[in-house]
Amino acid sequence: MNNIDEKLQPIFADVMRRNHGEPEFLQAVQEVLESLGRVVAKHPDYIEQALIERICEPERQIIFRIPWVDDQGKVQINRGFRVQFNSALGPYKGGIRFHPSVNVGIIKFLGFEQTFKNALTGLPIGGGKGGSDFDPKGKSDGEIMRFCQSLMTELHRHLGEQTDVPAGDIGVGGREIGFMFGQYKRLNNRYEAGVFTGKALAYGGSRARTEATGYGNTYFVKAMLETKNSDFDGKRVVVSGSGNVAIYTIKKVQSFGGTVIACSDSSGYVVDEAGIDLDLLRDIKEVRRGRIVEYAQEKGGDVHFIPAEKGSIWDVACDVAMPSATQNELSGKDAKKLVSNGVVAVGEGANMPCTPEAVHIFQNAGVLFAPGKAANAGGVATSALEMQQNASRDSWSFQKTEERLASIMQGIHDTCAATADEYGAPGDYVLGANIAGFVRVAEAMRMLGVI
117 MNNIDEKLQP IFADVMRRNH GEPEFLQAVQ EVLESLGRVV AKHPDYIEQA
167 LIERICEPER QIIFRIPWVD DQGKVQINRG FRVQFNSALG PYKGGIRFHP
217 SVNVGIIKFL GFEQTFKNAL TGLPIGGGKG GSDFDPKGKS DGEIMRFCQS
267 LMTELHRHLG EQTDVPAGDI GVGGREIGFM FGQYKRLNNR YEAGVFTGKA
317 LAYGGSRART EATGYGNTYF VKAMLETKNS DFDGKRVVVS GSGNVAIYTI
367 KKVQSFGGTV IACSDSSGYV VDEAGIDLDL LRDIKEVRRG RIVEYAQEKG
417 GDVHFIPAEK GSIWDVACDV AMPSATQNEL SGKDAKKLVS NGVVAVGEGA
467 NMPCTPEAVH IFQNAGVLFA PGKAANAGGV ATSALEMQQN ASRDSWSFQK
517 TEERLASIMQ GIHDTCAATA DEYGAPGDYV LGANIAGFVR VAEAMRMLGV
567 I
């Protein structure tokens with residue numbers, strides 16, 4: 117059952133027919149189409165020119181074999197993907213994910229979301245996404261390097277600073293970006309710094325890029341709270357995950373006076389009512405690459421670790437929830453629990469971490485809800501700023517970059533809010549983000565002809 121306008125039902129039926137076995141992609145398409153009934157009533161030419169059908173179909177999908185040799189000398193095979201979804205606004209832009217769950221449907225969903233997220237930034241970047249079912253956990257640096265080099269040996273021919281610009285994502289950080297960029301440079305025999313973002317400062321990276329997604333989500337939620345004459349000060353906050361996005365969400369929330377009382381990884385979650393010790397968490401996750409249980413073991417006292425099979429992090433009562441781990445991690449059951457515990461705002465730090473049922477529960481309860489395509493756009497926005505610095509052979513200060521990030525996130529918030537008002541749904545950031553992002557892409561495609 118869906119809430120898609122009857123004029124759009126045949127379009128969604130055709131998308132379903134063409135994309136069997138890709139539930140995440142179909143979920144993302146449905147979520148956008150449910151917002152577009154009011155748009156096609158105002159712009160019937162979007163249907164007449166098949167703009168919606170074209171936006172739902174990637175421009176290009178690349179699937180390839182990645183052979184590599186492990187430390188025991190055994191040949192391993194993984195599968196690589198790059199979905200170049202839409203370039204109406206600029207070169208394809210989106211991260212590369214290394215995780216066993218990666219398949220073409222996951223990458224298509226991420227690329228589809230990325231298209232609208234990038235449009236919302238107001239910057240000239242299109243949407244794309246890539247990845248592999250390679251699992252970096254437990255691999256040596258040598259194995260990671262050999263895998264990244266093999267991946268790039270195939271993918272390099274499809275990239276370029278005016279064509280497709282990848283970045284990091286789950287399982288892909290500065291180490292992996294360095295190995296991939298090094299192989300790209302080697303194969304192309306040129307130093308094209310703008311072809312990758314998320315690079316280290318030593319070879320063309322941007323200050324504040326590491327922090328950007330977590331910081332950006334926090335800025336967006338802060339802007340939402342301010343519409344209700346509130347802020348983070350004194351709020352109990354739960355942040356799922358303990359990777360890059362979660363760590364810098366925690367850091368920025370703490371700087372705004374909030375207390376982050378819980379975080380997690382795939383093995384379970386920890387509760388620290390005194391507030392997460394960020395230095396200890398970063399040492400465990402970024403330096404030692406350990407598990408979240410080690411936080412409870414080393415912090416001691418009243419800190420508790422709860423294994424994943426014995427409960428959900430969303431059982432923890434909080435004022436603000438910021439899911440920052442992975443798609444569909446927060447269910448309808450979790451949303452009901454959060455609402456009953458008094459949550460007032462939810463900001464999606466990950467891509468589509470809340471199920472459709474959870475989103476509807478939050479909205480029906482009057483909870484401020486920031487969808488990922490708006491709230492976690494800070495990462496790609498700062499990636500675009502990194503591209504700008506590379507193009508001008510410049511390097512900005514952390515303060516200048518963060519000021520630009522804060523300005524962009526405030527602009528995204530205001531655009532979503534104004535669009536929701538314009539289309540008769542004040543306070544509906546989901547509808548505002550979907551419509552604002554869609555219209556910008558659709559208008560560009562309409563002006564460019566049948567592409």
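My numbering puts the first residue of the sequence shown at 117, with every later residue one more than the last. The C-beta atom is built at its ideal place from N, Cα and C for all residues, glycine as well. Note that the structure is a prediction, hence the values are computed from the model and not measured.
Using a Cβ-based criterion (distance less than 6 Å to any ligand heavy atom), does residue i qualify as near the ligand MG?
i, result
"Ser508", "As presented, the structure is devoid of all ligands, the ligand MG included, so that no description of it is given."
Shortest alpha-carbon distance to residue i belongs to which of the options?
i, options, result
"Phe554", "Val145, Asn118, Asp121", "Val145"
"Leu501", "Ala560, Gln177, Lys209", "Lys209"
"Tyr385", "Pro240, Phe372, Pro439", "Pro439"
"Asp381", "Leu303, Asn305, Gly287", "Gly287"
"Ala490", "Leu521, Ser322, Asp347", "Leu521"
"Ile551", "Gln125, Gln515, Arg133, Glu150", "Glu150"
"Ala328", "His136, Asp285, Arg556", "Asp285"
"Ala461", "Arg556, Gly289, Ala481", "Ala481"
"Leu454", "Glu464, Glu445, Ala437, Pro469", "Ala437"
"Ala558", "Ile171, Met525, Lys368, Pro542", "Ile171"
"Asn305", "Arg291, His272, Ala493, Glu389", "His272"
"Val496", "Leu317, Ala324, Gly416", "Ala324"
"Gly247", "Lys233, Ser511, Asn219", "Asn219"
"Ala166", "Asp399, Thr531, Phe128", "Phe128"
"Asn333", "Ser383, Gly488, Phe232", "Gly488"
"Asp280", "Val361, Met503, Pro252, Thr531", "Met503"
For residue i, which residues in the same chain have their Cβ closer than 6 Å to its Cβ, ignoring the five residues on either side in sequence?
i, result
"Met296", "Cys264, Met268"
"Thr442", "Ala466"
"Gly211", "Ala283, Gly284, Asp285"
"Asn444", "Thr471"
"Gln192", "Trp184, Asp186"
Alpha carbon to alpha carbon, how far is residue j from residue i? Give it in angstroms, no decimals.
i, j, result
"Asn194", "Phe180", "9 Å"
"Leu564", "Glu229", "21 Å"
"Lys158", "Tyr539", "10 Å"
"Glu277", "Ile366", "32 Å"
"Val483", "Glu270", "46 Å"
"Tyr392", "Cys379", "First, the residue type needs correcting, since residue 392 is Ile and not Tyr in the sequence shown. Distance between the alpha carbons of Ile392 and Cys379: 8 Å."
"His476", "Ala533", "18 Å"
"Leu397", "Ile363", "8 Å"
"Ala507", "Gly320", "10 Å"
"Tyr545", "Glu464", "12 Å"
"Gly298", "Ile260", "13 Å"
"Leu446", "Ile178", "30 Å"
"Ala412", "Val369", "21 Å"
"Ala390", "Gln125", "50 Å"
"Pro207", "Met525", "21 Å"
"Ser356", "Ala474", "15 Å"
"Val148", "Asn135", "16 Å"
"Val376", "Asp435", "10 Å"
"Phe514", "Thr498", "11 Å"
Can you name, in chain order, every residue of its own chain whose Cβ lies under 8 Å from the Cβ of residue i, other than the five neighbours on each side?
i, result
"Asp349", "Phe372, Gly373, Gly374"
"Tyr307", "Lys301"
"Leu303", "Met268, Thr269, His272"
"Asp251", "Phe214, His215, Pro216, Gly287"
Tell me which residues share the same chain as residue i and place their Cβ nearer than 7 Å to its Cβ, disregarding the 5 neighbours each side in the sequence.
i, result
"Lys224", "Glu138, Phe141, Pro174, Val199"
"Arg262", "Trp184, Val185"
"Ser358", "Cys379, Ser380, Asp381, Leu397, Lys401, Ile408"
"Ala235", "Leu205, Gly553, Arg556, Val557"
"Gly571", "The first residue shown for the chain is 117 and the last is 567, placing residue 571 beyond what the model contains."
Would you list the residues sitting across from residue i in a DSSP beta bridge?
i, result
"Ile193", "Pro183"
"Asp463", "Going by the sequence as given, residue 463 is Gly instead of Asp. In DSSP, Gly463 forms a bridge with Ala486."
"Tyr385", "Ser380, Ile422"
"Gln200", "Arg176, Gly244"
"Gly276", "Asp280"
"Arg352", "Thr375"
Determine the DSSP secondary structure at residue i, reduced to helix, strand or coil.
i, result
"Thr375", "strand"
"Asn333", "helix"
"Gln143", "helix"
"Gly212", "This sequence places Ile at residue 212; Gly is not what is there. If DSSP states are grouped into helix, strand and coil, Ile212 belongs with the strands."
"Pro282", "strand"
"Ile241", "coil"
"Arg154", "helix"
"Arg108", "Residue 108 cannot be examined here, being either before or after the span of the chain that is shown, 117 to 567."
"Ala166", "coil"
"Met468", "coil"
"Ala129", "helix"
"Val288", "strand"
"Val570", "Shown here, the chain extends from 117 to 567; a query on residue 570 therefore has no answer."
"Leu446", "strand"
"Ala541", "coil"
"Ser499", "helix"
"His529", "helix"
"Tyr300", "helix"
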